[in-house]
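Engineer: Which chain is which? The protein sequence lines are A and B, in order.
Per UniProt numbering, residue 1 is the first one in the first sequence, and the count goes up by one each step.
Per UniProt numbering, residue 1 is the first one in the second sequence, and the count goes up by one each step.
Idealized CB from N, CA, C, for every residue including glycine.
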Amino acid sequence: MSAATTLNWTAAPRGDAAIRFESREATREVPWVKWTILGISLTFFAVFLLMPLVAVFVEALRKGWETYWSALIHEDALWAIKLTLTAAAISVPLNLVFGVSAAWAIAKFEFRGKHLLITLIDLPFSVSPVIAGLIYVLIFGAQGWLGPWLAEYDIKIIFAVPGIVLATVFVTFPFVARELIPLMQAQGREEEEAAIVLGANGWQTFWYVTLPNIKWGLLYGVILCNARAMGEFGAVSVVSGHIRGQTNTLPLHVEILYNEYQFAAAFAVASLLALLALVTLAVKTWVEHRASGGNQSREAHQDAAS
Amino acid sequence: MSIQVRNICKTFGNFVALDDVSLDFPTGELVALLGPSGCGKTTLLRVIAGLEQADAGQVLLDGADASRTHVRERQVGFVFQHYALFRHMNVFDNVAFGMRMKPRDQRPSEKAIRAKVEELLALVQLEWLADRFPSQLSGGQRQRIALARALAVEPRVLLLDEPFGALDAKVRKELRRWLRKLHDELHITSIFVTHDQEEALEVADRVVLMDRGHVEQIGTPEEVYRQPATPFVYGFLGSVNFFHGRVDGGNLRVGEDVLPHSPQDFDTGSEVIAFARPHELDLVPDAHADTGVAARITRILAFGVTVRVELDGLNGATGQHFEVELTQQRVTELALAEGQTVRLLPSRLKVFQRNDAIGASA
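(1) Are the CB atoms of I181(A) and A229(A) within a distance shorter than 7 Å?
(2) For the candidate residues S22(B), Y225(B), N14(B) and R156(B), whose alpha-carbon lies nearest to that of Q4(B)?
(3) Please list, in chain order, the residues of the region 30-63 of chain B that have any C-beta partner in chain A closer than 7 Å.
(4) In the DSSP assignment, what residue or residues form a beta bridge with S91(A)?
(5) Go ahead and pull the three-state DSSP assignment for G221(A).
(6) From the DSSP secondary-structure annotation, give me the bridge partner or partners of M210(B).
(7) Find the residues of chain A that neighbour G98(B), judging by a C-beta separation of less than 7 Å, and give them in chain order.
(8) Cα-Cα, which of G13(B), D265(B) and T291(B) is closest to R112(A)?
(9) Using a Cβ-Cβ cutoff of less than 6 Å, which residues in the same chain neighbour C225(A) once the five nearest sequence positions on both sides are dropped?
(10) Comparing the CB of A89(A) with every heavy atom of the ligand ADP, is any distance shorter than 6 Å?
(11) Closest to A160(A) by CA distance: which of Y136(A), P148(A), E152(A) and Y208(A) is it?
(12) Kindly indicate which three-state DSSP category A32(B) falls into: helix, strand or coil?
(13) Tell me, please, whether the CB atom of I204(A) is closer than 7 Å to any CB atom in chain B?
(14) Answer yes or no: does any C-beta atom of chain B fall closer than 7 Å to that of P182(A)?
(15) Name, please, each residue of chain A whose Cβ falls closer than 8 Å to the Cβ of H82(B).
(16) Between which two residues does the beta strand (DSSP E) carrying T43(A) extend?
(17) Would a C-beta distance cut-off of 7 Å place Y68(A) and A80(A) closer than the cut-off?
(18) For the region 212-241 of chain A, which residues have a beta carbon sitting closer than 8 Å to at least one beta carbon of chain B?
(19) Can you find a CB in chain B that lies within less than 7 Å of the CB of A291(A)?
(20) Does the beta carbon of F12(B) come closer than 7 Å to any beta carbon on chain A?
(21) Using only the alpha-carbon positions, how far apart do L42(A) and R244(A) sit?
(22) Which two residues bound the contiguous beta strand (DSSP E) that contains L158(B)?
(23) Three-state secondary structure (DSSP) at A257(B)?
(24) Going by C-alpha distance, which of M99(B), T268(B) and G250(B) is nearest A115(B)?
(25) When you compare each of T11(B), Q75(B) and Q141(B) to Q53(B) by their alpha carbons, which one comes out closest?
(26) Using a C-beta cutoff of 7 Å, does M101(B) count as contacting chain A?
(27) Taking the alpha helix (DSSP H) that S126(A) falls in, what are its first and last residues?
(28) By Cβ distance, which residues of its chain are closer than 8 Å to S190(B), with the 5 residues on each side in sequence left out?
(29) Tell me whether R180(B) sits in a helix, a strand or coil according to DSSP, three-state version.
(30) Does V100(A) get closer than 7 Å to chain B when you measure Cβ to Cβ?
(31) Report yes if the CB atom of residue 311(A) is closer than 7 Å to the CB atom of A167(A), and no otherwise.
(32) DSSP on G98(B), reduced to helix/strand/coil?
(33) Closer than 7 Å by C-beta to E110(A): which residues in its own chain qualify, once you throw out the five before and the five after it? Chain order, please.
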């Protein structure tokens with residue numbers, strides 16, 4: 001019974017705590033403090049977040065639906081969509097596998113250079129995307145280390161789709177791993193050891209014990225990874241070469257249209273990316289809700305039982 | 001099934017967890033591995049289970065070398081200290097897990113699994129919790145479910161790591177009795193690890209005392225309590241008073257004080273350490289007596305069946321604390337008061353050579 005109460009306390013949604021705090025005379029702030037803080041944050045939100053978002057859609061539709069639609073179904077735009085989806089479709093699964101194995105290695109094994117690995121995982125976040133792109137140009141480019149060899153075999157990486165995929169994989173690598181490492185570290189090895197002692201083989205242990213424990217974290221990481229993969233500009237811009245209808249992804253296409261003063265078309269394509277961001281946020285919120293919701297319904301169940 | 005451990009060594013970096021440990025666990029017994037934290041008892045348990053690989057030595061299960069056998073083929077049941085229940089599965093699925101993971105040709109039918117799980121839940125008296133999730137159970141319930149889950153694969157050996165460590169005192173006592181009863185019903189060879197001497201002495205058929213990677217003593221609870229083989233065992237099992245002294249003919253010299261005790265097998269002049277349990281010490285009120293170690297009473301705790309007297313050593317035993325257990329009657333008779341100087345007289349002393357007396361201050 002006491003255990004149940006403690007659990008409920010810790011599991012109580014934060015909003016509840018805020019309401020409780022606010023409803024008490026003793027802990028309540030004076031009104032002007034409250035309204036000033038609210039005012040500042042809401043103004044900031046409106047100017048820096050909401051306005052640009054609205055502006056994108058307003059600008060996109062300024063010349064009517066027809067212009068909007070024709071910008072989207074333009075051959076180059078369709079190609080850019082296809083390329084973006086392809087890059088994401090390759091890099092997200094790759095990072096899913098890399099991320100899970102990196103997190104697994106860090107959380108479950110002891111080895112030399114572990115701290116170095118943890119630090120290096122963040123490299124794509126800390127380094128400027130331009131440099132990320134340049135690294136690949138230096139390695140695979142015509143004047144790069146492997147350039148002559150690749151030219152000999154007629155393999156094109158830079159200014160081609162493989163380069164775009166490589167750059168995307170690089171910049172989106174940390175998302176899955178970062179999400180999983182703390183989760184897997186917190187969960188420790190005990191459940192997996194229990195599974196092995198009970199006769200489960202490696203695959204069964206992963207599928208029935210490890211994966212269910214990390215699935216929401218994993219999904220969360222994948223969503224963020226996907227959002228970044230589709231929106232990446234800097235690194236991709238360096239390696240792509242901006243060849244229209246060949247190596248142009250959506251963000252690059254927006255830039256090209258903008259530079260050509262085709263504002264309505266630029267915003268139309270941009271609105272597509274913005275829409276994608278909104279969908280991502282919605283899915284992310286749903287995942288977060290599910291991840292904590294599972295626990296809460298269990299708590300409720302427990303309440304009823306005790 | 002019998003378990004034999006032969007010359008097991010295990011180090012973690014510079015830390016020696018197990019140093020050439022050899023033990024026999026006879027079939028059907030409930031054995032406690034007892035020792036302070038860091039003594040290697042959990043490591044030994046994990047080596048037997050196969051969760052840890054020994055640097056050297058062998059583990060024999062039923063006489064066959066299991067060192068190369070994978071954990072999942074050893075048929076051991078392991079109950080983890082923090083239970084390690086699968087948190088996303090309900091109690092039923094947790095218990096059924098081991099059976100469902102079997103290769104297809106050995107796997108029982110879903111109906112047989114259901115029957116077995118129900119039987120096990122009945123055994124641990126928690127049938128009504130089948131649909132609950134681990135987070136909805138109390139500590140004691142989790143412990144029993146963990147046990148049911150371990151038993152589901154019909155293990156040949158049951159290994160329990162600090163089975164009652166995470167429970168509160170009352171539940172712990174209940175579960176201890178329950179585990180003993182369960183063992184008497186199942187007669188499965190079981191080893192449990194504990195740092196709680198009371199728990200080990202109360203539950204086990206046999207106690208293995210360990211310290212810093214070594215086995216100090218093996219015996220029934222009574223043997224290890226009555227005849228501790230080493231200073232460590234003496235100090236670890238129950239409260240203890242000790243005197244540093246030198247053998248002087250038929251006496252033991254503690255500083256300027258003399259204890260009338262004739263330690264055998266010790267030459268005159270050898271440095272020794274002598275142990276006495278609190279109830280084996282008596283107090284003589286006369287501060288000028290010829291024998292006994294002088295001490296000052298600091299506290300008299302008279303709330304129990306017996307009276308506990310705490311003292312600070314004087315003369316030869318300065319800086320040492322003593323604890324004496326007397327009957328209420330004896331205390332009244334002596335008219336003891338705090339601050340009074342008295343002499344300690346042991347009715348029984350256990351004497352060890354000084355150089356191997358390290359660690360006895362526990």
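Structural biologist: Inspection of the coordinates gives the following:
(1) no
(2) S22(B)
(3) A49 and L51
(4) Beta-bridge pairing links S91(A) to no other residue.
(5) helix
(6) V215(B)
(7) L198 and G199
(8) G13(B)
(9) V92, N95, T172, F175 and V176
(10) Ligands are entirely absent from the displayed structure, and the ligand ADP is therefore not among its contents.
(11) Y136(A)
(12) strand
(13) For clarity, residue 204(A) is Gln in the given sequence; the question names Ile instead. So yes, Q204(A) belongs to the interface.
(14) no
(15) E190
(16) Careful: T43(A) lies outside any beta strand (DSSP E), inside the alpha helix (DSSP H) at P31 to F44.
(17) no
(18) P212 and N213
(19) no
(20) no
(21) 41 Å
(22) V157 to D161
(23) Looking at the sequence shown, residue 257(B) is not Ala but Asp. Correct three-state label for D257(B): strand.
(24) M99(B)
(25) T11(B)
(26) yes
(27) L123 to S126
(28) E29, L30, V31, V157, L158, L159, L160 and H183
(29) helix
(30) no
(31) Chain A is shown only over 1 to 306; residue 311(A) falls outside these bounds and no answer can be derived.
(32) helix
(33) none
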